[in-house]
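Residue numbers (the numbering used here): 253 to 637. Data first, discussion second: the structure below is written as structure tokens.
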């Protein structure tokens with residue numbers, strides 16, 4: 253090469269060169285240029301729009317391997333941590349008999365999959381997995397969510413198809429938030445209120461597959477939450493501990509009246525009433541008769557279906573519900589999973605299979621599906637659906 257055709261990459265090392273490149277943004281002394289000919293690893297420090305090694309590090313909602321790991325709606329401070337039925341994993345190892353290992357708090361309403369569902373629902377992530385389903389369903393999304401539900405709760409294919417009847421109903425939940433719901437659940441560190449939160453989130457999770465308008469959640473002693481499309485939305489309401497009386501009758505009457513006023517909807521009404529005892533009047537006195545009159549005479553039984561969820565293992569306190577289950581049309585009564593399984597096996601035999609998935613389906617459609625309603629009542633009801 254000619255003497256003037258070579259341009260040194262070190263502009264100040266050979267001062268005799270006739271052709272020099274333009275000086276760098278910050279002039280360097282001769283000593284500096286010899287000591288470090290490349291003063292910066294990035295020659296364009298001001299123009300790099302991604303100053304971090306991972307340009308999406310602080311903005312992506314999926315920066316953790318489990319985005320729900322640290323946000324558990326089932327877990328009160330310093331208490332139990334039931335499982336999350338929304339986290340997928342290949343690490344699930346069922347025990348003999350098909351029941352996974354139980355966590356420290358054996359939630360009667362929620363499946364116990366400690367490897368598969370740790371973490372619960374994130375409380376503050378607006379870009380959670382349910383956002384894309386908030387209305388405007390299409391067939392593919394519907395089927396995908398239904399398959400996910402079947403897998404998470406281990407519901408067999410035949411029972412999953414029976415859930416489609418929920419498309420015909422507007423779903424409403426009435427939650428007993430009276431002081432007695434603070435009662436601890438035997439053998440656990442949780443309370444009836446914690447169990448209720450778990451079943452409410454399951455109902456919302458499945459119910460919103462069939463109704464993009466969401467599920468209405470009412471309480472006895474606090475404001476309702478309407479059109480809930482994401483189970484995480486109820487976390488704040490359930491963070492307030494229950495207190496007060498049990499005015500079931502006026503609360504349920506308002507729901508019936510609201511359902512009767514929906515002339516534009518061709519759907520029927522399905523109400524889940526979760527309670528741990530007898531209704532009371534305004535003075536705290538037990539008043540079962542008023543609730544019975546409402547159920548038998550004011551309710552439009554051909555369009556208003558009711559499932560009572562008994563949030564207690566004290567049969568005496570909800571004995572009136574068992575009678576209504578046998579004598580009222582379109583009414584079902586469901587205990588917690590363990591109690592319901594024991595009742596069904598008492599009728600059908602100790603070895604009768606009744607998985608948590610079976611329980612979830614019975615709780616959801618027992619009032620609208622006579623065959624599921626009869627499962628805990630008649631020895632000859634068909635197990636094969």
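Yeah, the Cβ is synthetic: ideal placement off N, Cα and C, and Gly gets one too.
Residue from the options whose Cα sits closest to the Cα of residue i
i           : options               : result
residue 400 : 443, 454 and 446      : 454
residue 578 : 417, 442, 556 and 618 : 618
residue 451 : 506, 495 and 427      : 427
residue 429 : 525, 440 and 395      : 525
residue 518 : 422, 613 and 476      : 422
residue 520 : 418, 623, 441 and 413 : 418
residue 583 : 602, 604, 392 and 625 : 625
residue 555 : 567, 470, 523 and 542 : 523
residue 589 : 574, 413, 546 and 608 : 608
residue 504 : 475, 471 and 536      : 471
residue 621 : 506, 581 and 476      : 581
Length of the line joining the Cα atoms of residue i and residue j
i           : j           : result
residue 410 : residue 600 : 20 Å
residue 398 : residue 530 : 36 Å
residue 508 : residue 424 : 10 Å
residue 512 : residue 466 : 18 Å
residue 485 : residue 616 : 20 Å
residue 420 : residue 544 : 26 Å
residue 510 : residue 627 : 31 Å
residue 610 : residue 416 : 15 Å
residue 392 : residue 480 : 22 Å
residue 352 : residue 534 : Residue placement at residue 352 is flagged as unreliable, the pLDDT there being 34, under the threshold of 50; the coordinate-derived value follows with that caveat. Taking the straight line joining both Cα atoms gives about 45 Å.
residue 612 : residue 439 : 22 Å
residue 498 : residue 536 : 8 Å
residue 574 : residue 437 : 21 Å
residue 606 : residue 412 : 15 Å
residue 597 : residue 587 : 14 Å
residue 602 : residue 475 : 43 Å
residue 414 : residue 566 : 31 Å
residue 441 : residue 431 : 17 Å
residue 396 : residue 604 : 30 Å
residue 506 : residue 614 : 26 Å
Extent of the continuous beta strand (DSSP E) to which residue i belongs
i           : result
residue 562 : 556 to 562
residue 477 : 477 to 480
residue 583 : 583 to 586
residue 471 : 467 to 471
Residues of its chain near residue i, where Cβ-Cβ distance is below 6 Å and the 5 sequence neighbours each way are ignored
i           : result
residue 250 : With the chain covering 253 to 637 only, the question about residue 250 has no answer from this structure.
residue 492 : none
residue 315 : Reliability fails at residue 315, whose pLDDT of 42 lies under 50, so the model's placement of it is uncertain and the value that follows must be treated cautiously. Answer for residue 315: no residue qualifies.
residue 468 : 424 and 478
residue 490 : 449
residue 473 : 429 and 496
residue 569 : 529
residue 623 : none
residue 501 : 531, 542, 543 and 546
residue 408 : none
For residue i, the first and last residue of its enclosing alpha helix (DSSP H)
i           : result
residue 423 : Element bounds for residue 423: not the alpha helix (DSSP H) but the beta strand (DSSP E), 421 to 427.
residue 579 : 571 to 579
residue 527 : Taken as a continuous stretch (DSSP letters only), residue 527 belongs to no alpha helix (DSSP H), being part of the beta strand (DSSP E) at 520 to 527.
residue 490 : 487 to 491
residue 613 : 608 to 617
residue 550 : No alpha helix (DSSP H) holds residue 550; DSSP gives it neither H nor E.
residue 509 : 500 to 512
residue 484 : That residue, residue 484, is in no alpha helix (DSSP H); it is neither H nor E in DSSP.
residue 453 : 444 to 462
residue 624 : 622 to 625
residue 434 : Careful: residue 434 lies outside any alpha helix (DSSP H) and carries neither H nor E.
residue 410 : 409 to 414
residue 535 : Element bounds for residue 535: n/a, residue is neither H nor E.
residue 395 : 391 to 405
residue 596 : 589 to 600
Same chain only: Cβ atoms within 8 Å of residue i, ignoring 5 sequence neighbours per side
i           : result
residue 540 : 530, 531 and 572
residue 538 : 530, 531 and 532
residue 433 : 443, 444, 445, 448, 494, 528 and 563
residue 435 : 443, 444, 528 and 564
residue 576 : 544, 547, 560, 583 and 585
Distance cut-off 6 Å: residue i Cβ against heavy atoms of the ligand NAP
i           : result
residue 437 : Although the ligand NAP was asked about, the structure shown includes no ligands whatsoever.
Spatial neighbours of residue i in its chain, beta-carbon cut-off 7 Å, leaving aside the 5 residues before and after
i           : result
residue 394 : 461
Is the segment 534 to 552 in contact with the segment 592 to 599, if contact means three or more CB pairs nearer than 8 Å?
Segments in contact, no.
Assess contact between the segment 396 to 413 and the segment 431 to 450, defined as three or more Cβ pairs (one per stretch) separated by less than 8 Å. Is contact present?
Of all C-beta pairs linking the segment 396 to 413 to the segment 431 to 450, fewer than three are shorter than 8 Å, placing the two stretches out of contact.
Given 8 Å, three or more beta-carbon pairs between the segment 460 to 468 and the segment 552 to 565
Segments in contact, no.
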